[in-house]
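Some notes on the structure that comes next.
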Amino acid sequence: MNEADKLRVLLQHWIEHNQEHAAEFLRWSEKAGPAAAAVRQAAEKMGSVNQELSSALDLLGGPLEHPHGHHH
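The working numbering puts the first residue of the sequence shown at 237, with every later residue one more than the last.
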């Protein structure tokens, strides 16, 4: 697997993990009291980060399955 293909796998992995983190941020924002707005804003920014990562992934040819067939 070349470096570009490795990056395609990593980008997909990072995007999925960011989605999980953003969802967790939103869940915790409900319990964050005076920090709720800041925590929600972090979740929104994670969405913006994922848009950039998705653009990068598209430019490299889109998602690449793990070589061992594991789906993330």
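Note that CB positions come from ideal geometry on N, CA and C, so glycine has one too.
- Cα atoms of Leu295 and Ser265: separation of roughly 34 angstroms, rounded to the nearest angstrom.
- The alpha carbon of Pro299 has as its nearest neighbour, out of Met237, Asn254 and Arg244, the alpha carbon of Arg244.
- Closest by C-alpha distance to Asn286, out of Arg276, Gln255 and Arg263, is Gln255.
- With respect to the 7 angstroms criterion, Leu293 and Trp250 are not classified as neighbours on the basis of their beta carbons.
- In the same chain as Ala268, and ignoring 5 residues on each side of it, the C-beta atoms closer than 7 angstroms to its own belong to Val275, in chain order.
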